[in-house]
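Residue numbering for the sequence shown follows UniProt numbering, beginning at 1 and increasing consecutively. Quick notes on the structure that follows.
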Amino acid sequence: MSMHFGPRDAPPSWFEPAERIPQPRRPALTARPEPSRIAEWGSATCDKIVGGIRGGLWRFTEGVADVLFPGLGPTVGAARRSTKWGPSLVGLNDGRDADVKIGLVGSENLGLWTIFRTRLGQSDLGPRPVWCTDLATVPLGTEGINTEATAITGIEDVKPTDVGRLLLAPPSADARTRLLLRVDVRRRSGIVAVDAGDGVWQRRLFFTVVHPARRGDGHHETYRVVCPVCGRRRLAQFRGFDVCSDCGWLLTQT
Numbered sequence: 001m002s003m004h005f006g007p008r009d010a011p012p013s014w015f016e017p018a019e020r021i022p023q024p025r026r027p028a029l030t031a032r033p034e035p036s037r038i039a040e041w042g043s044a045t046c047d048k049i050v051g052g053i054r055g056g057l058w059r060f061t062e063g064v065a066d067v068l069f070p071g072l073g074p075t076v077g078a079a080r081r082s083t084k085w086g087p088s089l090v091g092l093n094d095g096r097d098a099d100v101k102i103g104l105v106g107s108e109n110l111g112l113w114t115i116f117r118t119r120l121g122q123s124d125l126g127p128r129p130v131w132c133t134d135l136a137t138v139p140l141g142t143e144g145i146n147t148e149a150t151a152i153t154g155i156e157d158v159k160p161t162d163v164g165r166l167l168l169a170p171p172s173a174d175a176r177t178r179l180l181l182r183v184d185v186r187r188r189s190g191i192v193a194v195d196a197g198d199g200v201w202q203r204r205l206f207f208t209v210v211h212p213a214r215r216g217d218g219h220h221e222t223y224r225v226v227c228p229v230c231g232r233r234r235l236a237q238f239r240g241f242d243v244c245s246d247c248g249w250l251l252t253q254t
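Okay, here's the thing in structure tokens:
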């Protein structure tokens with residue numbers, strides 16, 4: 001499956017499907033998911049929840065990397081041509097029955113990571129990390145991938161099974177499901193939305209892209225044991241950045 005980005009001289013819509021997607025009315029969703037769905041979500045790993053969109057999220061990250069981090073594009077392109085590996089997925093709070101799933105998709109070799117946060121049935125209401133950016137899903141815009149863009153959008157056709165666990169009500173097996181990814185260039189953060197086949201975009205995931213400039217220094221300038229936001233001792237440390245596996249607080253070396 002290919003991802004469709006809008007070139008700078010694109011028509012008003014960045015994604016033109018071969019035919020119009022049917023617009024059936026979906027039954028109104030309840031305010032809260034059923035207890036069984038909550039239990040299933042809480043006990044699932046990040047791979048079970050977002051594993052189906054891992055490839056699309058990473059293809060988008062690679063596509064916008066050079067705009068978010070000028071000069072990184074050739075390195076990403078060379079790695080894509082010379083290696084067969086796919087992106088790693090790390091669930092930071094797997095095994096803790098977490099209501100909010102926090103994890104990463106990326107490459108340690110490139111030092112390029114996408115940190116994500118998602119919650120079942122709603123757009124992650126309540127306190128959130130500063131990198132959770134509430135972007136509009138429409139209109140799609142026409143800026144494309146270029147250095148003057150303020151927001152970049154990509155849309156990809158996906159299988160219903162790829163996005164079913166992200167949704168409160170799983171789509172039917174023959175639904176024409178789509179994935180929308182949009183990033184705010186200045187903040188390097190964005191959203192992932194899912195179309196369950198009815199043409200309505202549901203925001204399902206927040207993400208931010210990190211590429212620490214000083215990731216090769218080895219040691220962190222400031223070693224922390226306790227998260228300064230939630231006060232818990234579950235900081236995950238990577239080369240060049242720390243992220244809290246409970247609340248998503250992020251510290252990147254510059």
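Ideal Cβ placement from N, Cα and C applies to all residues, glycine included. No experiment lies behind these values; they were computed from the predicted model shown.
Handout entry: Option nearest Ser43 by Cα separation, candidates Leu120, Leu112, Arg178
Key = Within the sequence shown, the letter at position 43 stands for residue 43. Out of Leu120, Leu112, Arg178, the CA that lies nearest to the CA of Ser43 is found in Leu120.
Practice task
Inspect the beta-carbon positions of Phe116 and Phe60 and report whether they are closer than 9 angstroms.
Solution key: Taking the first residue of the sequence shown as position 1, residue 116 is located at position 116. Taking the first residue of the sequence shown as position 1, residue 60 is located at position 60. No, these two residues do not count as a Cβ contact at 9 angstroms.
Handout entry: Selection from Arg234, Gly91, Leu68, Gly197 that minimises the alpha carbon distance to Ala173
Key = For the purposes of this step, residue 173 is identified with residue 173 of the sequence shown, where counting begins at 1. Relative to the Cα of Ala173, the nearest Cα in the group Arg234, Gly91, Leu68, Gly197 belongs to Gly197.
Problem - chain D within 9 angstroms of Pro35, Cβ atoms only - result: No chain D is present in this structure, which holds just one protein chain.
Handout entry: Host alpha helix (DSSP H) of Trp201 (start-end)
Key = Numbered from its first residue, the sequence shown carries residue 201 at position 201. No alpha helix (DSSP H) contains Trp201, which is instead part of the beta strand (DSSP E) from 201 to 210.
Practice task
Sort Thr118, Pro170, Gly111 by Cα distance to Lys101 and report the nearest one.
Solution key: Against the sequence shown, residue 101 aligns to sequence position 101. The shortest C-alpha separation from Lys101 is found at Thr118.
Handout entry: Sheet register partners of Glu40 (DSSP bridge)
Key = One-based indexing of the sequence shown puts residue 40 at position 40. Answer by DSSP bridge pairing: none, since Glu40 is not bridged.
Practice task
Name the residue from Leu179, Arg186, Asp184, Val200 whose alpha carbon lies nearest to the alpha carbon of Val192.
Solution key: Indexing the sequence shown from 1 puts residue 192 at position 192. For Val192, the nearest C-alpha among the options comes from Leu179.
Practice task
Could you say if the segment 125 to 139 and the segment 159 to 169 meet the contact criterion of at least three C-beta pairs nearer than 8 angstroms?
Solution key: Segments in contact, no.
Problem - Residue burial classification, Ala136 (beta-carbon count within 10 angstroms, cutoff 16) - result: For this step, residue 136 is matched to residue 136 along the sequence shown. When all chains shown are included, Ala136 counts as exposed.
Exercise for the section: Compare the C-alpha of Arg239 against each of Cys247, Glu40, Val225, His211 and name the closest. Expected result: Counting from one through the sequence shown, the residue named residue 239 turns up at place 239. For the residues Cys247, Glu40, Val225, His211, the minimum Cα distance to Arg239 belongs to His211.
Problem - Three-state secondary structure assigned by DSSP to Trp58 - result: The residue you call residue 58 lines up with position 58 of the sequence shown. Trp58 falls in the helix class under three-state DSSP.
Problem - Ile145 (DSSP reduced to helix, strand or coil) - result: Taking the sequence shown and counting its residues from 1, the one referred to as residue 145 is at position 145. Three-state DSSP puts Ile145 in coil, outside helix and strand.
Handout entry: Arg165 - DSSP class collapsed to helix/strand/coil
Key = The sequence position of residue 165 within the sequence shown is 165, counting from 1. In the three-state DSSP reduction, Arg165 falls in the helix class (H, G or I).
Practice task
Give every residue of the same chain whose Cβ lies closer than 6 angstroms to the Cβ of Cys247, excluding the five residues on either side of it in the sequence, and list them in chain order.
Solution key: In the sequence shown, the residue the question calls residue 247 occupies position 247. Excluding residues within five positions, the ones whose Cβ falls inside 6 angstroms are Val229, Cys230.
Practice task
Confirm the yes/no value for this check: CB of Gly42, any heavy atom of the ligand SAM, distance under 8 angstroms.
Solution key: Ligands in the displayed structure: none, and consequently the ligand SAM is not present.
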